[in-house]
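I have placed the structure first, in the form of structure tokens, so that the comments after it can refer back to it.
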Amino acid sequence: MEKYLVGEFDNEYDLKDAVSAIRNDGFIIEDAYTPYGVHGLDNAMGLKPSRLAKVCFGFATLGLTVALWLQYLLSAVDWPINIGGRPWNSVPAFMPIAFEVTILFAGLGTVFSFFLWRKFKIAKRNYHPSFIATDNKFFVVIYKGEQRKPMSSAIEIIHQFHGKKVEA
Amino acid sequence: MSDKIKNYYTSFEDSCSSDDCSCTDLPPVAEVEKTSGFTRRSFLKTAGFSFGALFVACTQAPVKKAIPFLIQPEEILPGKAIWYASTSNACEAGCAVHVKNRDGRPIKLEGNPEHPLNQGGLCSQCQASLIELYDSKRILHPLLNGEKSDWQTVDNKIIEKLKNSDKEIVLLTNTVSSPSSENIIGKFKRKYKNISHVQMDEYSYSAILDAHEKNYGKRFIPKYQFDKADLIVSIDADFLGTWISPIQFTKDFQKNRKLDSKNISKLIHIESHMSLTGAKADERIVLSPSEIIKFTKELDKGIQGELTENKYASKIANLLKHNKGKSLVVSGINDVRVQLLVNRINKKLGNINKTLNHKEVSKQYAGSDKDVKVFIEKINNGKIEGVIIAGVNPVYSLPNGKELSKKIKLLKLSVSITDNHNETSECCKIVAPDRHYLESWNDNEIVLGLLSMTQPVLQPFGKNRSLRMSINSWLGKSGNERDLIRNYWRGIFTSKVKTTQTFTRFWNNLVHDGFVKIKPISLKLNAFNDNRPQININKPKGLEYILYRTPQLAFGQHAENPWLQELPDPITKITWDNYVSISPEISKKYKLEKGDVIKIKSGNNTVQLPVFLQPGQQKNTISIALGYGRQGTERFHEIGPNWLEKKPTVEKGIPVGKSVSHFISENINFTGNITSIIKTGKTWNLAMTQTFDSLINPINTSPAIMPKRPFVQETTFKSYKKDPTSGKHHGHPVTTMWKDDHKYKGHHWGMALDISACTGCSSCVVSCQVENNVPVVGKDEVLRKRDMHWLRLDRYYSGKGENVDVSFQAMMCQHCDNAPCEPVCPVLATVHSTEGLNEQIYNRCVGTRFCANNCPYKVRRFNWFEYAREDVMENMVLNPDVTVRSRGVMEKCSMCIQRIQEARFEAKKNGKSIQDGDIQLACQQSCPADAIVFGDLNDPKSKISKLVNSGRHYKVLEELNVRPTVGYLTQVRNREEDSNKGNHHG
Amino acid sequence: MDNVVNSIRDPQIFGNKSLTDVTEDVCNVMDRKPKKLWWIGIILSLSALLLGIVAVSYQIATGIGVWGLNKTVGWAFDITNFVFWVGIGHAGTLISAILFLFRQKWRTSINRSAEAMTIFAVICAGIFPIIHMGRPWFGFWALPYPNFRGPLWVNFRSPLAWDVFAISTYLIISATFWYIGMIPDFATVRDRAKNKMKKFIFGILSVGWNGSFKVWHRYEALYGILAGLATPLVVSVHTVVSFDFATSAIPGWHTTTFPPYFVAGAVFSGFAMVLSLMIIARKTLGLEEYITINHIENMTKVIIVTGGIVTLSYATEFFIAWYSGNGYEQFVFLNRALGPFSWAYWIMVGCNLITPQFFWFRKIRRNVLLVFILTIFVNIGMWFERFVIIVTSLHRDFLPSAWSTYSPTLVEISTLIGSFGLFFTLFLLFIKFFPMIAIGEVKSVLNYRGRGGK
Amino acid sequence: MKDKLINNQLKLITTFVVIVGIGIIIKNSNIHFPGNFEGYEPKQPIAFSHQLHAGEMTIPCMYCHFGAEDSKHAGIPPANVCMNCHEFVNNNTNENKIAEKLGRKVEVSPEINKIYESFGTSEKNYEDKSPTEWVKIHNLPDFVFFSHKPHINAGIDCEKCHGDVASMTRVKQVNDLSMGWCLDCHRQDHESLNNTKERKSQLQDCATCHY
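Residue numbers (our numbering), protein chains in the order written: chain A, 3 to 170; chain B, 98 to 1083; chain C, 59 to 512; chain D, 264 to 474.
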């Protein structure tokens, strides 16, 4: 617990305001812990938008390509079979599957990437055995060191926003 | 073509010299009984044919054994079909057949194209008679008082009775058309003086014979030459369906119906109930039975130049007079007076020896009602001591059969020669089992001067013996059947056969070809003795009934044949039942609907049967099919798949349908008057394969722009001659946005069906069933609309009331080039071949049924269950070249792909390409009307290509752009104008 | 601004709940012994399921012949049930995905159970294409996998192959979406669980979730993406299902309006089913404060709209049949309304056209019992819609000689009952053992009216 | 961090190697997919050696399996074909050849004797006649139509499918007889086929084998 300072709040608004203030004071916010996704906290913490959307697009493109290419390959090249007089490469008929596979690749790929980000384990580490951020409490974790101001000013801010410091 | 096939025929003659063909190393099949009855294994082992698969204790995979011959007969090659020429005995018509033998078992019958009578056609009964060979309920050993016995005991007993008889013993047989049998019966009569021979036909043609006796001094049936007649007037003679020799007549009839000739024959048919001939008739006149007799009388008056009031009679008489010598009047009424009138008319018209051949007369039927009547009287008066009954079932087929059976039971000697239990054999003390015709030797002189040969194509299953051999034993002689016949012919060879050949040569030809022309006996007829009968018909007060035979079951001879029972009646499309066909007028009068069970009373006779509303039925008549209610059909209780909601085809112990033999009049007349009709309040399900009769939409759901569907397109002969495309529905051109990726550069198989020629006889349906291992499913499944026939014969009525027209349209897979079934199958189980066939791959099919749903023609059949194949005996009829489909897969017409492949292999072997006509599909081969043509659409010289370009060719549902390769040729009727049908031009 | 708007609105959740209240209320359902009503429900569902299992086992052992199908009508109850259940499955994704994208906050109380319903409905639906095969044990042949047959692939042109892809994609994506949505709630359950077993199981399910906002940040991006993917997916799936019919050659099936018609119908029936279930669930589990009358009212409004589209579709079909000048097409529609199956047609019209009209009245919309009854009618009507489309089009198509009729057997009816048994069994187990309300999401809308909640 | 990356890559490579390895093992082992009986080499009732007859004596295949040219089945020779030679040859050991020369009694080989025994004691007695029950090696499912006739007439060597039987003492199935294996040839050009495009694709039609 030496490396981190943990503050506890009762609602999202206090947490959000406190995080903004602490960050403005030059502290490094390691993380925040909340029972639900607090709207606007990402801006307060200064998090960059996720890259998952780009990943998703990549997988979708892959899915589309694979589906169209495979359907063409298997129906028209590998073993072309006359099916009801339809053209070998019946592109319109290949569209539904191409679409579904696109979605499948995009969805699964994105989820896979999401989990891959933390090696299939979402929790990085547990900072404190007693804090539980899944019920009604909100926490902020401040990294000690490299800060311009002393830690006490951070604790002050926490108190200012109706929070309290979590003791080790 | 014929030469090529001929090479296949190998007669048994070469290798067999003894009766049982035991010249090979095969033990007689009868040995098998000792082990465990007939199993596939023991049959294969003993009958000795290769590749019996048997599963021995398996470690990893089942071990399959292959058992070769010990000594392989030269002509037998496992896996290759051998064809034998023979003559069918399925009915008295005696059509010539080719029997396809594979690995020692006959698996298909086909008409012999060279035979002058049936000319390659074969009826449904004959096609189906094959399975009777493998009937596990056949009697395979003699029975004494119902107990299993042996020949020695039985023979001794019979001979003893024969020797010690002091009263008459009657040998009652069907018509004996075999010269050698006639000969041996003669010997029999000479040896045992008390024996008298009575011939009877179950369905009697006695009146024709008797009338000719009165007119010409000899009992004979002339050879009717429908091919030479320009005008045919048929007075209730269903010659295309059931009368005398329907296949021969259909072939002949079609010869004068070729549309490319200047004139075609015109058929006028007079009848009370709808028959196949009536369905095909150009003019159909509907009269009640009593009116028909009256009409005949009036017609005779008209022909003889007297005045007649009957408008039909005068009109037809005029027509006939215009066609003197080119017309033919026939009648199927078993009434001597009517037949005398018909003889008078034909004589007056000068048809004798022009359209009515008095030289090569038919010997198919010779039974005499008079003789039978005398026999019955004698037996009733106790003047008879014993009977030997062969080939007929009088207890069933005679009107007073029940009393007869009681009398027979009282006799000292009663012998029944039959190969299955029937009503007559039940009351006989001794049953001497007969052979199936595919197991026996026989000779037939069906028409004078034409000798047909029957030869065995496999070893007999049991210790059966034909009538000839039985009599031979009772004469105290031994020997085998073949030698008996051969020696008989050797004896009369020089006198009978006008040839320079040696006898061996003659005999070998006879066995090889199946028939040979011999010198006919000259009949020496008397000069025409005019005999005008006095007919006074009172108009009956009530309704009249007609008893008729259906083309599939005839008079019940084949009632135990599951194929025939499930074959829909060509007219009513009902399976597994007989019923009372009534006219809509009667239905209205008595408030009857389809399926209501009514009680019909005529004198003391009653019967309860469900009713069926038959379009085209004379308004004051009802008609009932004969041949049902046969003992032995109780067995069909078991038939069909067994499941939760299964209803048995027949209740336990109840036969299929009801017998109406007791309604036959004492004079063996098949009509009569009804005393009363009572509605019982019960209902009965009639299993129909087609419930909608008309191409006209049901009234309340009919769209204004399409009151009638244009699937059957028809015209008259006159319009056709003016414009070959007349009557055709002119659709809109179909366009496509896709480029054609699929050009058929090799063969492109196609088929054309001539609606105009098709008589609806349904022979093709059975032929297809036999060829392609189509299962029988039972009445309940048919009721549920799950019949399995690949080829269904759609029947449509047009017109109203009595005056309806009938069209038959054979509907099977149309092998569409743009098949709608194919793109919907997820697993590629139905795809297109490079030769334009729609292929169904059973082993790939998972059974989504999407293809069947998407088929506009609804010709796909699904295996709803694992259809019973437990009867190992009947399994031997299966075609080894066609997969037996398992449960859950789709099947349909494959265009007999196995035949196409066979022809391809043969062509390859000979280094040639397939020629037009090399491939004959099963349906096409059997068709007596030659209505089915198959061939290569890419070959401009093929018959099919010519038909496609003939102007008559159209495709059903062409507007869907599915591009079927099966097409139809317009219905052309030879009549003046088409009043009730306006052609729809879209 | 927020205050002005929000003050005139009802709160999303009634009863002034605190964050802990939400946790407790939802989790208590999982801890408490279930009510008597739940037990009755599960026993009924399990017996229905058992009946279905017996029926399907018998059918697979004996053959498709135990159904009332015939050579003309090759599909009836099987595919009707399939389309019906797929349709039901649509509301769930629609509520969770599309309403999420439209930022409809009222979805939070119902989206979890609606998604669960989707998955269970798709499972129910997915069973039918498999068991309707003649040889279901070879059903895997519909998948393109390398094999020793050449290799032989599948027919990518077949709508049934499309179905395989569409339904499995839909099931996978919906299940993923559902699971992803539940991870924070699993963590909540884990953290308050006393039972070790429960802690362990939910520990695994929650993959170590601890409320880290850095994870929340990415999690919300992922959730948004999945919602974005599920939306076109939900439309495409029923479009593909409608292709089963629309790409065929059979009049009455061969219709270009089918995709929108089917999608609207699916949403229509799905919302009705969600409503029925929610009404049962809130009653049996005492969740009236979470699933409020406002939720019910909102959903009835969606039913009015989709019901309107369905009505329009029915009218369009008839209009096009008349306008096309195609006799076969006209016949099929006349036959639908006046033929032997007209009773089914009029049940369909009665239930789907008339029922939604009651929802124009606010009093009815806010009467829970009436809404429940009416939604049941909508579901009956929508089942019959599929039945009418499938059976009436097939039983009289082109050739009169092949026309036939259809009546179901006991086995088919049992299978239908069994599918309901499976659905309700799964659903009842779900509401007992999983957080049936999205705790995290509800918490986020507690203060929707403004600051407060203390 | 770098270590971790390498570690991950190592894991990936290991997994890949293991999967490929398993594949190679399955391919080369005797593990077969269901329905594949490659390598089937059952014991036959008579220890007949193709190596001796077809190999050393160079008897052509079609001498015994004469059905192949004109039938679906190549056929197993009936005992009378065996007797064409074995009426005279009843032993193959050199000692007995010498013994024969010297006019001493020749011992009949027990295997050849089985042929004699199958004919039974006398011509008319059917009871003890028993054709040899050979074990069928090359089995195809019932839904596959295979005919030797077109293949032999196309000039395809027996060895192409049956392997080098002339070197086998006991006959063994050398190919898996799978549909893919059939198609390997049916997709190829063969000099004996008229090598037109249609002809080739016709051989790939489903109904070439399945009907």
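Where a beta carbon is used, it is the ideal one built from N, C-alpha and C, also for glycine.
Contact annotation: in the segment 283-312 of chain D, residues whose CB is within less than 9 Å of a CB in chain C are Phe-296, Gly-298, Asn-299. From the beta-carbon of B:Gly-944, no residue of chain D is found nearer than 9 Å; the closest lies around 15 Å away.
Look at the beta carbons and you see the segment 436-450 of chain C touching the segment 408-422 of chain C: at least three pairs across the two are nearer than 8 Å. Interface residue (Cβ-Cβ distance to chain C less than 8 Å): A:Gln-73 is classified as such. Separation of B:Ala-1028 and B:Cys-855 (C-alpha to C-alpha, rounded to the nearest whole angstrom) is 5 Å. Along the segment 329-343 of chain D, the positions whose C-beta sits under 7 Å from a C-beta of chain B are Gly-330, Asp-333, Ser-334, Lys-335, His-336, Gly-338, Ile-339, Pro-340, Pro-341, Ala-342, Asn-343, read in chain order. Taken atom to atom, the span from the alpha-carbon of C:Ser-115 to that of C:Phe-301 is near 29 Å. With 16 or more other CB atoms across the displayed protein chains lying within 10 angstroms of its CB, B:Phe-808 is buried. Below 8 Å, enough C-beta pairs join the segment 99-112 of chain C and the segment 472-489 of chain C to call them touching: three or more. Straight across, the Cα-Cα distance linking B:Leu-384 with C:Ala-307 is about 46 Å. B:Pro-203 is not a Cβ neighbour of B:Leu-510, given a cutoff of 8 Å. Chain-order list of chain D residues neighbouring C:Pro-209: Gly-443, by C-beta distance under 8 Å. Pairing C:Leu-229 with C:Phe-303, the inter-Cα distance amounts to about 21 Å. Within its own chain, the residues whose Cβ lies closer than 8 Å to the Cβ of C:Ala-402, once the five positions on either side in sequence are excluded, are Phe-442, Phe-445, Val-446, Val-449, Thr-450, listed in chain order. Under DSSP, B:Gln-296 takes part in a beta bridge, and its partners are B:Thr-270. In the structure shown, B:Tyr-462 adopts coil according to DSSP, grouped into three states.
Pairing B:Pro-210 with C:Gln-388, the inter-Cα distance amounts to about 49 Å.
For B:Ser-859, the CB contacts under 6 Å within the same chain, skipping 5 residues up- and downstream, are Ser-221, Leu-664, Pro-667, Leu-890 in chain order. Nearest to B:Ser-563 by alpha-carbon distance, out of B:Ser-799, B:Leu-1044, B:Val-471, B:Trp-248, is B:Trp-248. Any Cβ of chain A closer than 8 Å to the Cβ of C:Phe-456 would place that residue at the interface, and such an atom is absent. A distance of 8 Å or more separates the beta carbons of C:Thr-467 and C:Phe-417. A distance below 8 Å between beta-carbons, with the five flanking residues on each side excluded, links B:Ser-362 to the following residues of its chain, in chain order: Phe-323, Ala-326, Asp-327, Leu-328, Ile-329, Phe-350, Asn-353, Arg-354, Asn-1071.
Contact residues of the segment 189-207 of chain C toward chain D are Phe-206, Arg-207 (C-beta to C-beta distance below 7 Å). Less than 8 Å divides the Cβ of D:His-313 from the Cβ of D:Val-434. When the Cα atoms are used, B:Lys-503 and B:Asn-497 turn out to be separated by approximately 10 Å.
Excluding residues up to 5 positions away in sequence, Asp-1013, Val-1030, Gly-1032 lie with their Cβ nearer than 7 Å to the Cβ of B:Lys-1040 in the same chain. Ranked by Cα distance from B:Lys-288, the first of B:Lys-574, B:His-195, B:Lys-408 is B:Lys-574. The beta carbon of B:Gly-737 sits no closer than 8 Å to any beta carbon of chain D. Going by beta carbons, C:Leu-335 and C:Phe-485 fall inside the 8 Å limit. Per DSSP, the beta bridge partners of B:Ile-367 are B:Ile-332, B:Ile-382. Cβ neighbours of B:His-929 within its own chain (closer than 8 Å, five residues either side excluded): His-839, Asp-914, Ala-916, Glu-919, Asn-935, Glu-936.
Collapsing the DSSP output to three states places B:Asn-539 in a strand. If you check the CB distance, A:Ala-34 and A:Leu-43 come in under 8 Å. Going by beta carbons, C:Ala-288 and C:Ala-155 fall inside the 8 Å limit.
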